[in-house]
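Student: If you scroll down you'll find the structure; I have some questions about it.
Number of protein chains: 2
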Amino acid sequence: MILTVTLNTALDITYRVPALVPHASHRVEEVTERPGGKGLNVARVLAALGHETVVTGFVGGPSGEVLRALLAGLAPVDELVPIRGATRRTIAVADAATGDTTQLNEPGPVVSSTEWDAFLTAYGRLLDGAEAVALCGSLPPGLPVGAYAQLVRQARTAKVPVLLDTSGEALRRGIAARPDLVKPNADELAQLTGSREPLRAARDARRRGAHTVVASLGAEGLLAASPDGLWQAAPPAAVRGNPTGAGDSAVAGLLSGLVEGLDWPGRLTRAVALSAATVLAPAAGEFDREAYAKMLGSVRVSEHAH
Amino acid sequence: MILTVTLNTALDITYRVPALVPHASHRVEEVTERPGGKGLNVARVLAALGHETVVTGFVGGPSGEVLRALLAGLAPVDELVPIRGATRRTIAVADAATGDTTQLNEPGPVVSSTEWDAFLTAYGRLLDGAEAVALCGSLPPGLPVGAYAQLVRQARTAKVPVLLDTSGEALRRGIAARPDLVKPNADELAQLTGSREPLRAARDARRRGAHTVVASLGAEGLLAASPDGLWQAAPPAAVRGNPTGAGDSAVAGLLSGLVEGLDWPGRLTRAVALSAATVLAPAAGEFDREAYAKMLGSVRVSEHAH
């Protein structure tokens, strides 16, 4: 089983409007809701790849109930921990004509220390049966900034490979606890290291504690800096579409490849192919299976000199 | 008791953001929720004026549960009828700097014919104890376009004075059932009658079936065309602020004045004062009690020649 952790789950709401005009009134033409938060997205892709997946994190309030009801219809197993506060909503306002979206993200519920303790107990129990764990996304208000560091240490003690995908101070603190893998994008990596030169920044991130760093560089694909070497993997040509969820699909590719014992070129190929197939899918966060299968054969992986 | 009907109730959500930028991502700084829909707003103002008020209409789904929980803390009595569909949400995105808002309104739940029948039974029972009834706002999907006409006829049969505040085809059909009072704004009146000349349009609306027409003309106040005469009432000077809810406050003023037996100049004075005090209040839809008391003494009412 692969475990994904989403401490700040979200009810993702999409509103279709003809075009968003500031300070005007809009009649929403279509409303769709889906369970959201990076770890939940990763789990859906993992499940689509045939992996048994379990999701945990926090859920609460009326929006949390809706999230759980929607999740019940999907493959990942719901092991979310109930809290008093309400799960945040995110609203994506999609212009019907262009497909451009305007994003409004609520901050998330305040999590109490009692609720955090309850989570740590549940997490420990779930690690027992896990082949790998992904820690994904932002921290909700109220959690200690070192929350991810604590979860990384607990996974390492349980000998479960742990991937951390977050940003800012949560990443800085989490990386120091020596996760097996971090997957920052170019901005997150620059914020962490102060360098916009990917190779230099990835090496710096390794020195800060990450065993392996896989940086997602948009159209240029992925750059992996591991103890075994340096690789770059990219799609044969730039893909155009909706990049929402592409990073989460890359995480699912890396994690499934790890569990299946693929080597680094194999993992990176899968991650890039999934990522590109997500950009190409019409629905945000879904991946196009046919494009994925086709892309697997055409991703270019090159090894860098050390 | 005064009854207000809101067939398309709403959970009104306000998001404060620094400034709304199309196609950008925004972290919402503050989230507030309140029970919404015109009839609920009218009932709150009526209750603040000391009137026993009952609200009915439809409520359902997770957003409906939140609405009912919030309503439980307020004065109006909740006699909403449960439905299978979910109460719509409205999102007001307020720019922190300027206070300008961008409005996103969900269309509302589909109401089945069985649910409509259940409402008609409940409505009949509530009319028994009502001194007056206000029918407010848009129709949710699934209801017959003649729904308001049916409710107007039922009120007239029960000899309960009935005010209709809606727009478009629902107004056109409702007005033909001869309500005691309609309160269109200038746009709604022009849409109904084809005329932008308020006096001519109000007279036309009376010919279409309304016993009395009170048109709200923004800064110019209210114009009443009744069997007893024609009046115009306006604040002493234009008021600046947030006009959200000003029309609903005017309805509450007219309805409370009717129940208390005020004459037309008295009712119009109250409606204009409440409306202006709503524009002046810092929170959308609330009215400033001090401004209201002061304004009551300074509203100018003039009688037109027939």
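Chain order of the listed sequences is A and B.
Per UniProt numbering, the first sequence starts with residue 1, numbered consecutively.
Per UniProt numbering, the second sequence starts with residue 1, numbered consecutively.
By construction, the Cβ of each residue, glycine as well, lies at the ideal position given by its N, Cα and C atoms.
(1) Going along the chain, which residues of the stretch 98 to 122 of chain B sit with their C-beta nearer than 9 Å to a C-beta in chain A?
(2) In chain order, what residues of the stretch 222 to 251 of chain A put their CB closer than 8 Å to some CB of chain B?
(3) Return the residues of the stretch 3 to 25 of chain B that lie within a Cβ-Cβ distance of less than 9 Å from chain A, sorted by chain order.
(4) Just to make sure I have the definition right: I need the residues of chain B whose C-beta is within less than 7 Å of the C-beta of I91 of chain A. Which are they?
(5) To which residues of the same chain is A305 of chain A closer than 8 Å at the C-beta, ignoring the five residues directly before and after it?
(6) Under 8 Å Cβ to Cβ from G99 of chain B, same chain only, skipping five residues before and after it: list those, please.
(7) How close, in whole Å, do the beta carbons of L80 of chain A and R68 of chain A come, if the pair is a contact with beta carbons under 8 Å?
(8) R27 of chain A versus chain B: which residues are under 8 Å apart at the beta carbon?
(9) Across which residues does DSSP place L164 of chain B in a beta bridge pair?
(10) For P184 of chain A, return the contacting residues in chain B, with the cut-off set at a CB-CB distance below 9 Å.
(11) In the DSSP assignment, what are the bridge partners of I83 of chain A?
(12) Which whole runs of the alpha helix (DSSP H) in the stretch 64 to 108 of chain A are 4 residues long or more, in chain order?
(13) Pull the bridge partners of Y15 of chain A from the DSSP assignment, please.
(14) For L46 of chain B and A252 of chain B, I'd like the C-alpha separation in whole angstroms.
(15) Classify R89 of chain B: buried if its beta carbon has 16 or more other beta carbons within 10 angstroms, exposed otherwise.
(16) Which term fits R270 of chain B, buried or exposed, when burial requires 16 or more other beta carbons within 10 angstroms of its beta carbon?
(17) Are the C-beta of V55 of chain A and some C-beta of chain B separated by less than 8 Å?
(18) Over what stretch of residues does the alpha helix (DSSP H) that includes T269 of chain B continue unbroken?
(19) Nearest by alpha-carbon distance to A205 of chain B: which of B:A219, B:F58, B:S113, B:A186 is it?
(20) Just to make sure I have the definition right: I need the residues of chain A whose C-beta is within less than 7 Å of the C-beta of P62 of chain B. Which are they?
(21) Specify whether the stretch 126 to 136 of chain A and the stretch 29 to 48 of chain A touch according to this definition: at least 3 beta carbon pairs, one from each stretch, less than 8 Å apart.
(22) Can you name the residues of chain A whose CB is closer than 7 Å to the CB of S31 of chain B?
(23) Report yes or no: do the stretch 25 to 32 of chain A and the stretch 103 to 115 of chain B share at least 3 C-beta pairs separated by less than 8 Å?
(24) Please report how far the alpha carbon of A219 of chain B lies from the alpha carbon of L262 of chain B, in whole angstroms.
(25) The beta strand (DSSP E) that contains G57 of chain B, what's its start and end?
(26) For T6 of chain A, count neighbouring C-beta atoms within 10 Å of its own C-beta (all shown protein chains included) and say buried if the count is 16 or more, exposed if not.
(27) Drop a sphere of 10 angstroms on the beta-carbon of D12 of chain A, count the other beta-carbons inside from all chains shown, and report buried for 16 or more, exposed for fewer.
(28) What does the Cβ neighbour count give for I180 of chain A, buried or exposed, with the cut at 16 atoms within 10 Å?
(29) Quick one, are the C-beta atoms of G129 of chain B and Q154 of chain B less than 8 Å apart?
(30) How many Å lie between S302 of chain A and A291 of chain A at the Cα?
(31) For R208 of chain A, which residues of its own chain have a beta-carbon under 6 Å away from its beta-carbon, when the five flanking residues on both sides are left out?
Tutor: Quick answer:
(1) Listed by position, the residues of the stretch 98 to 122 of chain B near chain A (Cβ gap below 9 Å) are T98, D100, T101, T102, Q103, L104, N105, E106, P107.
(2) none
(3) I13, Y15, V17, A19, L20, V21, P22, H23, A24, S25
(4) I91
(5) L230
(6) Cβ neighbours of G99 of chain B within its own chain (closer than 8 Å, five residues either side excluded): N242.
(7) 7 Å
(8) N105, P107
(9) B:L135, B:V182
(10) The premise fails here: P184 of chain A is roughly 18 Å from chain B at the closest Cβ pair, so nothing lies under 9 Å.
(11) Bridge partners of I83 of chain A: none, in fact.
(12) none
(13) A:V31, A:V93
(14) 6 Å
(15) buried
(16) buried
(17) no
(18) 264 to 280
(19) B:A186
(20) P62, E65, V66
(21) Verdict: yes, contact present.
(22) The sequence as given places Val at residue 31 of chain B; Ser does not occur at that position. The answer, in chain order, is E106.
(23) yes
(24) 24 Å
(25) 53 to 59
(26) buried
(27) buried
(28) Looking at the sequence shown, residue 180 of chain A is not Ile but Asp. Sixteen is the threshold: when 16 or more other Cβ atoms of the shown chains lie within 10 Å of the Cβ of D180 of chain A, as they do, the residue is buried.
(29) no
(30) A straight line joining the alpha-carbon of S302 of chain A with that of A291 of chain A spans about 22 Å.
(31) Only I175 meet the Cβ criterion.
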